[in-house]
Amino acid sequence: EDAGRSEIDFLCRIIEAAIDAGARTINIPDTVGYAIPHQYAETIRQLLNRVPNADKAVFSVHCHNDLGLAVANSLAAVVAGARQVECTINGLGERAGNAALEEIVMAIKTREDLLGVHTRIDTPHILSTSRMVSGITGFPVQPNKAIVGANAFAHESGIHQDGVLKHRETYEIMSAQSVGWHTNKLSLGKLSGRNAFRSRLDELGIVLAGEAELNAAFARFKDLADKKHEIFDEDLQALVSDTLAEEAPEHFKLITLDVASKTGEVPQAQVVVSIDGAEHSANAQGSGPVDATFKAIESIASSEANLQLYSVNAITQGTDSQGEVTVRLEKGGRIVNGNGADTDILVASAKAYINALNLMQAGQKAHPQAADV
Numbered sequence: 001e002d003a004g005r006s007e008i009d010f011l012c013r014i015i016e017a018a019i020d021a022g023a024r025t026i027n028i029p030d031t032v033g034y035a036i037p038h039q040y041a042e043t044i045r046q047l048l049n050r051v052p053n054a055d056k057a058v059f060s061v062h063c064h065n066d067l068g069l070a071v072a073n074s075l076a077a078v079v080a081g082a083r084q085v086e087c088t089i090n091g092l093g094e095r096a097g098n099a100a101l102e103e104i105v106m107a108i109k110t111r112e113d114l115l116g117v118h119t120r121i122d123t124p125h126i127l128s129t130s131r132m133v134s135g136i137t138g139f140p141v142q143p144n145k146a147i148v149g150a151n152a153f154a155h156e157s158g159i160h161q162d163g164v165l166k167h168r169e170t171y172e173i174m175s176a177q178s179v180g181w182h183t184n185k186l187s188l189g190k191l192s193g194r195n196a197f198r199s200r201l202d203e204l205g206i207v208l209a210g211e212a213e214l215n216a217a218f219a220r221f222k223d224l225a226d227k228k229h230e231i232f233d234e235d236l237q238a239l240v241s242d243t244l245a246e247e248a249p250e251h252f253k254l255i256t257l258d259v260a261s262k263t264g265e266v267p268q269a270q271v272v273v274s275i276d277g278a279e280h281s282a283n284a285q286g287s288g289p290v291d292a293t294f295k296a297i298e299s300i301a302s303s304e305a306n307l308q309l310y311s312v313n314a315i316t317q318g319t320d321s322q323g324e325v326t327v328r329l330e331k332g333g334r335i336v337n338g339n340g341a342d343t344d345i346l347v348a349s350a351k352a353y354i355n356a357l358n359l360m361q362a363g364q365k366a367h368p369q370a371a372d373v
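Per full-length UniProt numbering, the sequence shown starts with residue 1, numbered consecutively.
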């Protein structure tokens, strides 16, 4: 259960018996993140040296981040002889999380001279995978997160900026491109054409199923370009995700949203939502404009789902940035995350709630209001 705090003699006996019984991978977990690197490495060394049949199995490590040492402990274990690391994208996990895959992989790749091992991870896909996981789970990546955070390759100090321009390797121990960042920061705008749009999607590794999806995404792009002066890579990724979500079969679809919120008055929202093609409208008041919006949608949907999470993330900098909203709903033990993006944060919120409702509805019978038409 927790090898990090178990007696070494006991561990040796248990592991030997497990290997004799046919186990070919032995996991040595630091379940509550209590270990420190040199101690954890010594545990791995002793196990490899003292377990008679250790050569018949791969020793794996599973480190939690309660003391912020999950990655350090994992790497120390690799140096000591562990040959499998259990880790998660963005370091996700219970409590303080687990060892972050992207940090483990890039540490091994960057310091192969010291670690003497390698992985078969295709590192240019790390960033896009991180963003996909963030979108699915609803947990945004903090800007100062190593490897995949927005500031991971940013240099603010004047001396550093000058050094990067003259000799990038002085201040960057790995290239941004090696993990999927693009140094081409040329933004698109309302004058950008379809070919430029397609070309940028190709560069970002975004693959659309066909011309229909491309046309739908380009229409959304032109729409966004009318509202936002510059459109960056992050905008395109959110836009495509939003487009694909809307192109998928939907029970619920947002038609219009009208919100009134004044100082000293109770916010009100009026929504029109389509259910299987039939439009329904509702009004609601709330403690804030988002609360009023959700209550209005819920009065139409009658999902009886519980709102567990509402989070907002600015996709890029500036007041014209798109807001990316995640909504988590729970009903009967089933949990879904809905996402929505728009320059209007209330519209993004409504889209996210609707997206969550559609995911909740997937696989269920037709909504009862659909039969009323």
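Just so you know, even glycine gets a beta-carbon here, dropped at the ideal spot from N, CA and C. Bear in mind the structure is a predicted one, so any value in this text is a computation, not a measurement.
Inset, instruction - With a threshold of 16 other CB atoms inside 10 Å of the CB of Ser130, please say whether the residue is buried or exposed. - result: buried
Inset, instruction - Within 10 angstroms of the Cβ of Asp342, are there 16 or more other Cβ atoms? Answer buried if so, exposed if not. - result: buried
Inset, instruction - Write down every uninterrupted run of the beta strand (DSSP E) in the region 204 to 290 whose length is 3 residues or greater and which is fully enclosed by it, in chain order. - result: 252 to 260, 268 to 275, 278 to 285
Inset, instruction - Confirm, please, whether the CB-CB distance from Asp235 to Thr316 is below 9 angstroms. - result: yes
Legend entry - Ile126 and Val61 closer than 9 angstroms at C-beta: no
Legend entry - Whole runs of the alpha helix (DSSP H) within the region 11 to 90, excluding any shorter than 4 residues: 37 to 50, 70 to 80
Inset, instruction - Have a look at Leu47 and Thr25 and give me their C-alpha separation to the nearest angstrom. - result: 13 angstroms
Legend entry - Rounded Cβ spacing between Lys253 and Ser274 (contact assumed at less than 8 angstroms): 4 angstroms
Legend entry - Separation of Leu75 from Leu69, as counted between CA atoms: 10 angstroms
Legend entry - Contacts around Ala77, its chain only, beta-carbon distance under 7 angstroms, and the 5 residues preceding and following it disregarded: Tyr40, Ala41, Ile44, Val61
Legend entry - Of the listed residues Gly333, Val32, Ile121, nearest to Gly97 (C-alpha basis): Val32
Legend entry - Three or more C-beta pairs below 8 angstroms linking the region 189 to 203 and the region 215 to 224: yes
Inset, instruction - Assuming Val141 contacts Gly149 (C-beta within less than 8 angstroms), just tell me the rounded distance between them. - result: 6 angstroms
Legend entry - Burial state of His118 (16 or more Cβ within 10 Å): exposed
Legend entry - Beta-carbon gap between Ala284 and Ala301 smaller than 9 angstroms: no
Inset, instruction - Give the straight-line distance between the Cα atoms of Ile335 and Val327, rounded to the nearest whole angstrom. - result: 10 angstroms
Legend entry - Euclidean distance between Cα positions of Asp233 and Gly318: 15 angstroms
Legend entry - Cβ neighbour criterion (16 or more within 10 Å) applied to Gln361: buried
Inset, instruction - Using three-state DSSP, classify Arg95 as helix, strand or coil. - result: coil
Inset, instruction - Assuming Val325 and Ser299 form a contact by the criterion Cβ under 8 angstroms, report the distance between their Cβ atoms to the nearest whole angstrom. - result: Not quite, the Cβ-Cβ distance comes to about 20 angstroms (not below 8 angstroms), so this is no contact.
Inset, instruction - Please classify Arg334: does DSSP put it in a helix, a strand, or coil? - result: strand
Inset, instruction - Note down the Cα distance separating Asn151 from Thr137, rounded to an integer number of angstroms. - result: 21 angstroms
Inset, instruction - Could you tell me if Leu329 is buried or exposed, where buried requires 16 or more neighbouring beta carbons within 10 angstroms of its beta carbon? - result: buried
Inset, instruction - Check Ser302 in the structure and name its three-state DSSP category. - result: coil
Legend entry - The alpha helix (DSSP H) enclosing Val133, as first and last residue numbers: 126 to 137
Legend entry - Beta-carbon proximity list for Gly189, same chain, < 8 angstroms, skipping 5 on both sides: Ala225, His229, Glu230, Ile231
Legend entry - Top-ranked residue by Cα proximity to Val289, from Val272, Val259, Gly264: The sequence shown places Pro at residue 289, rather than the Val named in the question. Among Val272, Val259, Gly264, the Cα nearest to that of Pro289 is on Val259.
Inset, instruction - Return yes when the Cβ of Leu208 is within less than 9 angstroms of the Cβ of Leu201, no when it is not. - result: yes
Legend entry - According to DSSP, residues forming a beta bridge with Gln310: With the sequence shown as reference, residue 310 is identified as Tyr, and Gln is not the correct amino acid for it. For Tyr310, which the question treats as bridged, DSSP gives the partners Val327.
Legend entry - is_contact[Asp226, chain C] using C-beta, thresh 9 angstroms: Among the chains in the structure shown there is no chain C, since it carries only a single protein chain.
Legend entry - For Leu191, the three-state DSSP class (helix, strand or coil): coil
Inset, instruction - Within 10 angstroms of the Cβ of Leu114, are there 16 or more other Cβ atoms? Answer buried if so, exposed if not. - result: exposed
Inset, instruction - Please work out which residues of its chain come closer than 6 angstroms, Cβ to Cβ, to Gln270, disregarding the five sequence neighbours upstream and downstream, and give them in chain order. - result: Asp258, Asn283
Legend entry - Residue range of the alpha helix (DSSP H) that includes Gln322: No alpha helix (DSSP H) contains Gln322, which DSSP labels as neither H nor E.
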